[in-house]
Amino acid sequence: MAATPPPPSFSLHSNKPSHSHSLLRLSSNENRTFFSFNSNLRCEIKGFESHRGWTIERVSDMSKDSANSHITNPSSPFLSVSSVTSASQFPTKNAKRVVLFYCPETKVLAEKIAAQTDSIELRNISWGKFPDGFPNIFIPNAQGIRGMHVAFLASFSSPAVIFEQIPVIYALPKLFIASFTLVLPFFPTGTSERMEDEGDIATAFTLARLLSNIPISRGGPTSLVTFDIHALQERFYFGDNILPCFESGIPLLKRRLQDLPDSDNISIAFPDDGAWKRFHKQLQHFPTIVCAKVREGDQRMVRIKEGDPRGRHIVIVDDLVQSGGTLIECQKVLAAHGATKISAYVTHGIFPNKSWARFGHDNGGHPESAFTYFWITDSCPLTVRDVMNRPPFEILSLASSISASLQI
Amino acid sequence: MAMVKSPKKQVNLFYSLDCEDLAQNVALQSPHIVLQNIKWRSFADGFPNIYINNAEELRGQHVAFLASFSSPAHVFEQLSVIYALPRLFVASFTLVLPFFPTGSFERMEEEGDVATAFTLARMLSNIPISRGGPTSLVIYDIHALQERFYFGDEVLPLFETGIPLLKQRLSQLPDADNVVIAFPDDGAWKRFHKLFDNFSLVVCTKVREGDKRIVRLKEGNVSGHHVVIVDDLVQSGGTLIECQKVLAANGAAKVSAYVTHGVFPNQSWERFTHKKDALENAFAYFWITDSCPLTVKAVANTAPFEVLSLAGSIANALQI
C-alpha cells in the first residue's frame, strides 16, 4: 500500500532527460497500461538521479493542454450545427438562367417570353441558304453557351421549315450545354391521323420520331414543351430519349373569361366528344354543351347532343381550327337554340389558305351570323400576323406559360 | 467448279414523284423489279397526306424506295414514307438516294456551323430496322469521302459511282484515243484518279492573286487533246467555266465535262448551252447522270447536255 504512490513520482523524474522523450513516454504510458507498468519499474531506478520539481511543472502544463483541447472539440460541432441551421433558415432558390434561340417565325413570341423575366436571354441564329435551297446555318458564339441551359423556340408551319430547324435542334445539344429544351407550341399534324388502313402514313408519328432522335446533351435528354397536342394518344409517339411536357392554353382562356362583363353567363360548348374528353375536366366549373356530327343520308349535320344554350353566352372550345367549317356549323345550331352570344377559343389557329377571313364580328348582337370573340394563342405565328387587330380575333399569348416551363 | 448464282430476288420499287422516269428506267432493266404506287396528297395545311397502296401485300417482300431530296420541303414527305415502309413486315428495305444533297459549304470551320448533310445522315441512320434487318442505303458519288462516316451502324451505306458510265461513253467517242481527264482541283483528283488508270490525267488548281481567285493548270499536258473535266457535282458551274478557259488557252483541241450530279440551282445550266451566234461553243459535251431529276427534265435534248442513266447500276444494286 505505501509502495504505490512512490512509483509515479519516480517515473516522472525519469522524464527529465528530454522534452520530446517525456512526451512520447507519457503518451506511451496512457496507451498501454500493462506495458507502462513495466516501464515504471525501470524508471524507478533512474528516478533517483533526476530533479523532482521540474517534472511536476510539466505535468500541470500537459493537463492544461488536454483541457483546452477538450474545450475546443465541442465548439466545432456547434459551429457546424449553427451553419446548417442558418442554411435551412434562409432557403433562396435562384431562377435558372436560360439562353433562348428562336427561328424567324417565332421572333415576336421569343421577345415576349424574354420580357417575362430577367432569367431568359435571347440569342440569334444566322439563317442562310445555299443556292441549291438547302440551309446554311450558323450559331454565333457557340462556345459561349457551354455550361448554360439552352432552349429553342420552334415553329413547324410547313414541311420545308421543319428541315431548316431540325439541323439546329440536332446541333444545339452537342455544344456542351447544361440542358436543352425544345419549345414547340404547336405540334403539327394532318387532320386525318387515324390509321384506318395499313398503308396510311401518320406524319405526326414521323415528326415524333425525328424529335425522339434529338442527340442527348451532356445534361441529359431534351425536354419538349408543347401545348394542347391534337390527340391524347399522340403523347405516346415519343420514345424514351425525350421528355415531353404537355401544357395547355386553357388556363389563359379561363382567365380571360373572368374578365368578361357577362362572365357569370358563360357556357362552354364542345364541337364533338373528342374535344369534351380533352378539356372538360379543366372547364368543369362552367355549364357545358356537347355537339355531335350526325349523318342524315349523305349530309353531315351538327346537332346539340346535350346541354342547353338558351340565353347564354356560349364559348366553343377546341384545340385547333383548320378551315373552320365545324365551328361555323356549331355556331348556327347554338344560335338556333337560343344562344345570346357565341364566341370561340382554339389553342392553335392554323387557318390554311386565309380561311380566317370567313369569321366575322357580330358587332354586339347577331350570334346567328358572327362571333363575339374568337380567341387564339400565338402558337401559330403566321396566323397571328394575319389576324392581329381584326375583330373578332384576339390573341392570348403563351409567353408566360413558356417562360414558366423553361424553369422546370 | 462453276459457282451457281443465287436466284434473283424480286424487288418492289416505290419512288418519289420526281423520280418517276428513273424508276421506270430501273424497272425496264429487269423483270425482277416491280413498280409500286404511293398516293402523294396534302392536307389543307400543307402537311403530307400519304398512302401506300397494297401495304399488306408487301409482307415478306423485298422493298426499295427511290428518293430525291431536291429541296427541304421534299425531305419531310419522303422521310415519312421511308420511316413507314420498313415497318410493313418486309423482307428487306433498300433506300436508293442517288444524290445525297449537301450544301457546298460543309466544312466545320467554326463551332456553331451547322452541317446540314450530317443532320440528313442522322435522319437516315434512324430509319426503323425492318424485320429483315437494317436498311441498305445506295448513294452515288457522295460529295466528300468523309461523309460516309456520318452514318450510324443502324444503316448500311453502299457507295456507288457514276464513273463507269462515263468511261463507257468515252470509249464510244470518235476521238476516244485522244481523251485526257482533267480534275478541277485536288479534291476531285483524290476522289477519282484511281478510276482512270488508263487515261492521262491533268490537275487544275485555284490560286489567289490579290483578291482574285484564278484557275491554273497545275500538272499535265493538254495540248492537242480532247479534255474531259470530271467532278462529282456542279452547282452554278463557275469553276468548270474557268477550267475550260484555262485548258483551251493551254492548247486543248476540245473540252467536255462530266459531273455525276447536275444540281444547277436557279437554271444555272443555261450558261452552258450552245448558242447559235457563238463562234465556238465552249463545251463539246456535258454529261450528267439522272441523279437530279429536275435538271434532267430541264436540259433534255439541249446541247451540249447528255444524260447517262444510273438505271442499270441501280438495278444491280437492288440485287445485292
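Top line first, the protein sequences correspond to chains A and B. To convert a position in the first sequence, counted from 1, into the working numbering, add 87. To convert a position in the second sequence, counted from 1, into the working numbering, add 79. Every residue gets a Cβ at the ideal spot worked out from N, C-alpha and C, and that includes glycine.
Item, Value
"P71/A CB to nearest chain B CB: under 7 Å?", "Here chain A covers residues 88 to 495 and nothing more, so residue 71/A does not appear."
"So within the segment 208-265 of chain A, which uninterrupted alpha helix (DSSP H) runs reach at least 4 residues, ignoring any that extend past its ends?", "246-258"
"Rounded to whole angstroms, what is the Cα-Cα separation between S466/A and P358/A?", "21 Å"
"Going along chain B, which residues have a C-beta under 8 Å from I437/A?", "D124"
"Anything in chain B within Cβ reach of P222/A, meaning under 8 Å, just list it in chain order.", "P151, G182, V193 and T195"
"To the nearest angstrom, how far is the alpha carbon of H372/A from that of S488/A?", "22 Å"
"Closer than 8 Å, Cβ to Cβ, to anything on chain A: give me those residues from the segment 121-147 of chain B, in chain order.", "F122, A123, D124, G125, F126, P127, N128, I129, Y130, I131, N132, N133, A134 and E135"
"F197/B and Y162/B - do their beta-carbons sit closer together than 7 Å?", "no"
"Report yes or no: do three or more beta-carbon pairs, one from the segment 338-349 of chain B and one from the segment 359-373 of chain B, lie closer than 8 Å?", "yes"
"Report the CB separation of A241/A from Q252/A in whole angstroms; it is logged as a contact under 8 Å.", "5 Å"
"Beta-carbon within less than 6 Å of L469/A's beta-carbon, same chain only, minus the 5 sequence neighbours each way: which residues are those?", "S244"
"Can you find a CB in chain B that lies within less than 7 Å of the CB of F225/A?", "yes"
"Identify each residue in the segment 227-239 of chain A for which the Cβ-Cβ distance to at least one residue of chain B is less than 9 Å, and report them in chain order.", "P227, N228, A229 and Q230"
"Mind pulling the chain B residues with CB within less than 8 Å of T293/A?", "F155, L158, S159, Y162 and A163"
"Would L176/B and A200/B be called neighbours here (beta carbons separated by less than 7 Å)?", "no"
"Taking F267/A as the reference, give the member of F458/A, I482/A and K183/A with the closest Cα.", "K183/A"
"Buried or exposed: where does P110/B fall if 16 or more other Cβ atoms within 10 Å of its Cβ makes it buried?", "exposed"
"Output the distance between the C-alpha atoms of S304/A and Q386/A, rounded to the nearest integer angstrom.", "53 Å"
"Give me the chain A residues within the contact set of N205/B, using Cβ-Cβ distance strictly less than 9 Å, ordered along the chain.", "R296, L297, S299 and N300"
"Output needed in chain order: residues of the segment 310-337 of chain A with a Cβ under 9 Å from some Cβ in chain B.", "none"
"For F250/A, would you say it is in contact with chain B, using Cβ-to-Cβ distances shorter than 7 Å as the test?", "yes"
"Taking P263/B as the reference, give the member of R295/B, A255/B and K246/B with the closest Cα.", "R295/B"
"Quick one: Cα of G289/B to Cα of G317/B, how far?", "19 Å"
"Anything in chain A within Cβ reach of V342/B, meaning under 9 Å, just list it in chain order.", "P218 and D219"
"For A102/B, which option in A390/B, N395/B and D265/B has the closest C-alpha, if you only look at C-alpha atoms?", "A390/B"
"Evaluate the contact criterion for the segment 124-139 of chain B versus the segment 188-208 of chain A: three or more CB pairs, one atom per stretch, below 8 Å.", "no"
"Tell me where the alpha helix (DSSP H) around N204/B begins and ends.", "The displayed chain sequence assigns Ser, not Asn, to residue 204/B. Taken as a continuous stretch (DSSP letters only), the alpha helix (DSSP H) holding S204/B covers T195 to S204."
"Kindly indicate which residue of L158/B, H141/B and Q115/B has the alpha-carbon position closest to the one of I288/A.", "L158/B"
"Using three-state DSSP, classify T460/A as helix, strand or coil.", "Sequence inspection shows Tyr at residue 460/A; the Thr mentioned does not correspond to that position. Reduced to three states, the DSSP call for Y460/A is coil."
"According to DSSP, simplified to helix, strand and coil, what is V325/B?", "helix"
"What residues in its chain sit with their C-beta under 7 Å from that of A255/B, if we drop five residues either side in the sequence?", "L249"
"What's the gap between the Cα of S350/A and the Cα of V312/A?", "31 Å"
"Could you give the distance in angstroms between the alpha-carbon of L347/A and the alpha-carbon of I353/A?", "9 Å"
"At what residue ranges does the segment 202-234 of chain B contain a whole run of the beta strand (DSSP E), taking only runs of 3 or more?", "214-219"
"Against chain B, with Cβ distances strictly below 7 Å, would P246/A count as a contact?", "yes"
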